[in-house]
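Residue numbers (our numbering), protein chains in the order written: chain A, 1 to 299; chain B, 300 to 646.
Yeah, the Cβ is synthetic: ideal placement off N, Cα and C, and Gly gets one too.
Predicted model only: the values in this text are computed from it and were never measured.
Below is one structure, written out as structure tokens; comments come after it.
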């Protein structure tokens, strides 16, 4: 095969792998937005939290990996409950700027707390997968990427089934659709809000664990990746779960292609900025994304 | 006894201050400020200078977010454009300092217009995300346009000269900063006594309704972005002269969040609030630093914890104000004031 094609395939595959993680983060974001119209501006800190707790339980407390992972997810659930009960429930119905700022505040507290407890040094992350690359024809793929993609897809499939068939999942969809009707049909909207935060923190923690093992270490730059959620959800539509999944993969591929082809011309850093350029273009052309609900404004 | 605001003439209605006491207070404050550089050490002068710069920046952001209701997370980018434009105009073009700052501010307001264009279609959350993207694109430009900005290596700004005097010390730049803080505050105060200011407030309260009543959304939203970024440009220009070396790292997203926190903690849609917020947010790390210095005797590691403590205190302060005092410090101040005005019959 032509080496240009191999180069491109390599970029696309890396993009899909990273994009899967973006999809996970975006899923957490979309769930919260769908259920409670809250925009979480600190998605990165939730990811960071998951990664640090996983590191602490596996390497610091030397628990066996399965127990450590379960413990991490339990702690993530507690975090979600604390955030929802303590901070966001009192702010229901407040102007959007308050909600945006309070999520910045929560993110700042989490960051400070992590920094205080474990310091800001890079922590080596436990190797969860083998390092030997697997070859698909001429294209080498690292198992970490492959596994992260498999895990992400399994999770997303699981969530699709959950939303489609389980009672709780249907109650969540009903709440997203119309809160008042859901309330009158006996859905506890408060419980749904809390649940959506818990799912979001769990999903973000998983994203953190996957990112940690992809990068082989945890540090605070992980939180910056969280901001990539915004291009993803704008592309897919803020309230669309399929949109989050497709958007994540598309943004992952886009940033890798842009980085691979434009970095030599423009001199580095294109990968970081390309998703945001895409974001602006999408906002100008199609503010509600490709799968989002169009809003109609009345006085 | 005075027990309310009675306006019985047009002159009385137009007055900024109801009584003469605040005027006397302000004059005393200005006189005290004029003598501060004689007494204050470099450390406190530096803090005061940063407060002055933050006041101008926060006033600008409050015009946009607090008064016009257009959420912007791009304020750090405006500051960066103002700072770099001032520095480049002076160091590379040779424009004198007193022309470079206004020119940079005009340039920044040009960028403000570009940032503001999405506000014509987008609102609230979507606008916030658009300004977030604009922030990253601007930072990318500053880091990678190395021939102009020197990238991550940092840009050294030459000391400005005014009337043949080099503004190379904190004391001298102090006068320049506060000479700009005063007109910036006055202009903001007066802005909201005009048609433009009222249009801004109408747009904040309900933009579709304001449009129906004949407020041109196109014009006033862009105007709000223009004025706000002009302030940020001035603040950025002063930053360039205060720190004398510019790094892209000084204008991260966290700076934009800090400015938003200033107007939330100080009070949205309040001039006094912008000032209180700027003072609060600038003093917060300094107070923590002082606390850490005195705590090192007991707990030698205290200094290393400043950054994380700051993050936690900052986050908790923002959460606290949003939950318990959404109108901020300005509202607390008002409550204290009205208590004493009506004393001993306050209830």
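- [ ] For residue 111 of chain A, go through chain B and note every residue whose CB falls closer than 9 Å to its CB, in chain order.
- [x] 607, 610, 611 and 614
Review point. Using a C-beta cutoff of 9 Å, does residue 340 of chain B count as contacting chain A?
Key: Chain A, which has no Cβ nearer than 9 Å to the Cβ of residue 340 of chain B, makes this no.
Using only alpha-carbon positions, find the residue among B:411, B:440, B:532 and B:494 that is nearest to residue 430 of chain B.
-> B:411
Under 9 Å between beta-carbons, which chain A residues line up against residue 425 of chain B? List them in chain order, please. 234, 238, 283, 287 and 288
For residue 238 of chain A, which of helix, strand or coil comes out of DSSP?
-> coil
*asked:* Would residue 133 of chain A and residue 126 of chain A be called neighbours here (beta carbons separated by less than 9 Å)?
replied: no
**Report entry** Short Cβ contact (9 Å threshold) for residue 521 of chain B with residue 416 of chain B
**Finding:** yes
Taking 9 Å as the threshold (beta carbon to beta carbon), is residue 374 of chain B in contact with chain A? no
Counting only runs that start and end within the region 122 to 178 of chain A, where is the alpha helix (DSSP H) found for 4 or more residues in a row?
For the region 122 to 178 of chain A, whole alpha helix (DSSP H) runs of length 4 or above, ordered along the chain, are 143 to 165 and 167 to 177.
Considering only the alpha carbon of each residue, which of B:448, B:487, B:391 and B:623 lies closest to residue 90 of chain A?
Considering only alpha carbons, the answer is B:623.
(message) Does the region 269 to 286 of chain A come into contact with the region 430 to 443 of chain B, if we say contact requires no fewer than three beta-carbon pairs (one atom in each stretch) closer than 8 Å?
(response) In the pairwise beta carbon analysis, the region 269 to 286 of chain A is classified as touching the region 430 to 443 of chain B: at least three pairs are separated by under 8 Å.
>> Does the contact criterion of 3 or more C-beta pairs under 8 Å hold for the region 27 to 46 of chain A versus the region 212 to 232 of chain A?
In response: yes
Review point. Using the beta-carbon of each residue, which ones in chain B are nearer than 7 Å to residue 229 of chain A?
Key: Here the premise fails: no neighbours, minimum Cβ distance about 10 Å.
Once the 5 residues before and after residue 192 of chain A are set aside, which same chain residues still bring their CB inside 7 Å of it? 35, 171, 172 and 175
CA-CA distance, residue 94 of chain A and residue 31 of chain A?
Roughly 20 Å between the two C-alpha positions.
> For residue 454 of chain B, which beta-bridge partners are listed by DSSP?
Replying inline: B:545
Since residue 27 of chain A and residue 241 of chain A should fall inside the 8 Å C-beta cutoff, what is the C-beta to C-beta distance between them, to a whole number of angstroms?
7 Å
Worksheet entry | Distance between beta carbons of residue 366 of chain B and residue 568 of chain B, contact taken as under 8 Å | Rounded, the Cβ-Cβ distance is 5 Å, consistent with contact.
- Assigned exposure category for residue 413 of chain B - 16 Cβ within 10 Å defines buried: Looking at its Cβ environment, which holds fewer than 16 other Cβ atoms inside 10 Å, residue 413 of chain B is exposed.
Would you check whether the ligand MN has a heavy atom nearer than 8 Å to the C-beta of residue 404 of chain B?
Among the components modelled here there is no ligand, and therefore nothing to report on the ligand MN.
- Query: Which whole runs of the alpha helix (DSSP H) in the region 245 to 286 of chain A are 4 residues long or more, in chain order?
  - Reply: 270 to 285
Item checked: Contact set between residue 90 of chain A and chain B, taken where Cβ atoms lie within less than 8 Å -> 622
- 9 Å Cβ cutoff met for residue 73 of chain A and residue 205 of chain A: Yes, they are a contact pair.
Cβ of residue 204 of chain A less than 9 Å from any chain B Cβ? Not closer than 9 Å to any Cβ of chain B, the Cβ of residue 204 of chain A fails to qualify, so no.
Counting only the same chain and skipping the five closest in sequence on each side, list residues whose C-beta sits under 8 Å from that of residue 480 of chain B.
351, 354 and 355
Handout entry: residue 359 of chain B versus residue 530 of chain B: straight-line alpha-carbon distance, rounded
Key = 5 Å
Name the residue from B:513, B:418, B:638 and B:633 whose alpha carbon lies nearest to the alpha carbon of residue 524 of chain B.
Checking every option, the nearest Cα to that of residue 524 of chain B belongs to B:418.
**Request:** Measure from the C-beta of residue 84 of chain A to each C-beta in chain B and report whether the shortest distance is under 9 Å.
**Result:** no
Taking residue 363 of chain B and residue 527 of chain B to be in contact with their CB atoms under 8 Å, please state how far apart those CB atoms are, rounded to whole angstroms.
4 Å
Taking residue 55 of chain A as the reference, which of A:17, A:118 and A:96 has the closest Cα? A:118
Spatial neighbours of residue 228 of chain A within its chain, please: C-beta separation below 7 Å, excluding the five flanking residues on both sides. 22, 251 and 275
Taking only the alpha-carbon atoms, compute the straight-line gap between residue 339 of chain B and residue 103 of chain A and give it to the nearest angstrom. 38 Å
Look at the Cβ atom of residue 607 of chain B, then the Cβ atom of residue 60 of chain A, and state whether they are nearer than 9 Å.
Judged by beta-carbon spacing, residue 60 of chain A lies beyond the 9 Å limit of residue 607 of chain B, meaning their Cβ atoms are not closer than that value.
**Request:** Below 7 Å CB to CB, which residues in the same chain sit around residue 585 of chain B once its five sequence neighbours on both sides are set aside?
**Result:** 346
Relative to the C-alpha of residue 422 of chain B, which residue among B:409, B:371 and B:539 is closest? Ranked by how close their Cα comes to the Cα of residue 422 of chain B, the residues B:409, B:371 and B:539 have B:371 in first place.
Output, in sequence order along the chain, the residues in the region 4 to 34 of chain A whose CB is closer than 8 Å to any CB in chain B. none
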